[in-house]
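This report refers to the structure that appears directly beneath it.
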Amino acid sequence: MNPVFLKKVLEFYLLEDAFFGDATTEAVSSGSIRKATIRAKEDFVLAGAVFIEPLLELIDEKFSFRLFKGEGDWVRCGEEIARIESSVKTLLYVERLCLNMIQRMSGIATKTRKLADMIRQYRAKVTDTRKTTPGFRFFEKYAVKVGGGVNHRMGLFDSVLIKDNHIHDAGGVKKAIRAAKASASFTNTIEVECADEGMVEEAIEAGADIVMLDNMDTETMRRIVQRFHGRAIFEASGRINENNIVEVAKTGVDFISIGALTHHAVWVDINMDLE
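Residue numbering for the sequence shown follows our numbering, beginning at 8 and increasing consecutively.
The structure is reproduced here in structure tokens:
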């Protein structure tokens, strides 16, 4: 991650929580140097702990930080994740932000790992979507990678994805692709969201690089992948979860995009206690 961007984002998060300072800590804290331990209260895949140190660097010149677990490691209930030594004011200032980031990202990484492991024997890879929390997208997509998934586009800027509304506006699949090819850089891939086999055929004939098979049943996806094998990359999307992901992977698609990796991930349980 660009260090300048990371610094600005973390500064914003700190301001959000303490724009006018920490009223409680400033009133009652002694300002002494203490140690604090971040510990797991359940089992999960760790993500986000690497951002604690750059966060501390923004507000304290004198601290020590030790990380006991790596990103992507399974953490068991009761295990220590990290230990910080700093002033009480610093520790209490960053406590909730540290916990929030790790809890959120670890929840996403854990959900991703579960789904990725279920289809490990197939060619398909689990990927995310743009259904992310505003202002936290980088960290959520980072957590998907830590969990064993891959990232779809980061935003509207890094590839062309022609969806149903674009197709309606352009007057059809072929017209939309033709317009995209005329204006997009040669470095941009062109993906088209397709609702049926006819749309897939149009998209491939028009030169789409990636075809999204949106909300299709597995038999239709299997037939399409076999028919157009090698002519495009295929992405399955729509209502995919742990109950049907294996059957989707068996169709031969290359990627399976799941918005629930981010919008339905449950935060994990951790705490930070002063020693």
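Heads up, the beta-carbon is just placed ideally off N, CA and C, and yes, glycines get one too.
Residue i bridges to which residues according to DSSP?
i    : result
I126 : DSSP lists no partner for I126.
A243 : L220, I263
F51  : V82
S94  : I40
Please confirm whether any heavy atom of the ligand MG lies closer than 8 angstroms to the CB of residue i.
i    : result
I231 : Among the components modelled here there is no ligand, and therefore nothing to report on the ligand MG.
So the alpha helix (DSSP H) residue i belongs to, where does it begin and stop?
i    : result
L281 : Unbroken run through L281 is the beta strand (DSSP E), 277-281; no alpha helix (DSSP H).
D221 : Element bounds for D221: not the alpha helix (DSSP H) but the beta strand (DSSP E), 217-221.
A30  : 30-35
R234 : 225-234
V255 : 252-256
M206 : 204-212
I66  : Neither: I66 is in no alpha helix (DSSP H) and is coded neither H nor E.
A25  : 10-25
Closest by CA to residue i, which one among the options?
i    : options                : result
D165 : N195, A187, V157, T139 : N195
K118 : V180, M108, A54        : A54
F142 : F12, D280, N278        : Residue 142 is actually Gly in this sequence, not Phe. Of the listed residues, the one whose Cα sits closest to G142 is F12.
M108 : M223, E92, F145        : F145
R41  : F58, K69, L62          : K69
V35  : G79, N9, K96           : K96
L62  : V16, G154, F262, R185  : V16
H270 : K148, F262, E78, K76   : K148
A131 : F26, M228, A267, L98   : M228
Y129 : V218, D276, V253       : V253
F262 : M112, D221, R230, N278 : D221
E92  : F235, I59, G79, G28    : I59
T139 : D276, M161, I240       : M161
V241 : R83, D216, M279, I169  : Reading the sequence as shown, one finds Phe at residue 241 and not Val. Comparing Cα positions, the closest option is D216.
K257 : A239, Q233, A210       : Q233
W274 : G114, W81, I211, I174  : G114
M112 : L281, G205, D276       : D276
V255 : S39, D67, H236, E226   : E226
N158 : T44, A25, I265         : I265
A213 : V57, A187, N248, M223  : A187
E249 : E282, V133, V218, I211 : V133
S244 : C201, K76, E208        : C201
G38  : D176, S94, I231, G179  : S94
M206 : L268, I174, A267       : I174
L104 : Y20, A267, I45, M219   : Y20
A25  : G79, E102, E198        : E102
D124 : T31, N278, D171, V52   : V52
L65  : I88, R185, K14         : K14
F193 : V167, V218, V82        : V167
Please classify residue i: does DSSP put it in a helix, a strand, or coil?
i    : result
A177 : helix
L44  : Note that residue 44 is Thr in the sequence shown, not Leu. Reduced to three states, the DSSP call for T44 is strand.
A89  : strand
L99  : helix
R238 : coil
L74  : strand
S39  : coil
A189 : helix
V57  : helix
A272 : coil
N172 : helix
For the beta strand (DSSP E) containing residue i, name the first residue and the last one.
i    : result
I197 : 197-201
Runs of beta strand (DSSP E) wholly within the stretch 104-170 (minimum 3 residues, chain order): 132-134, 167-169
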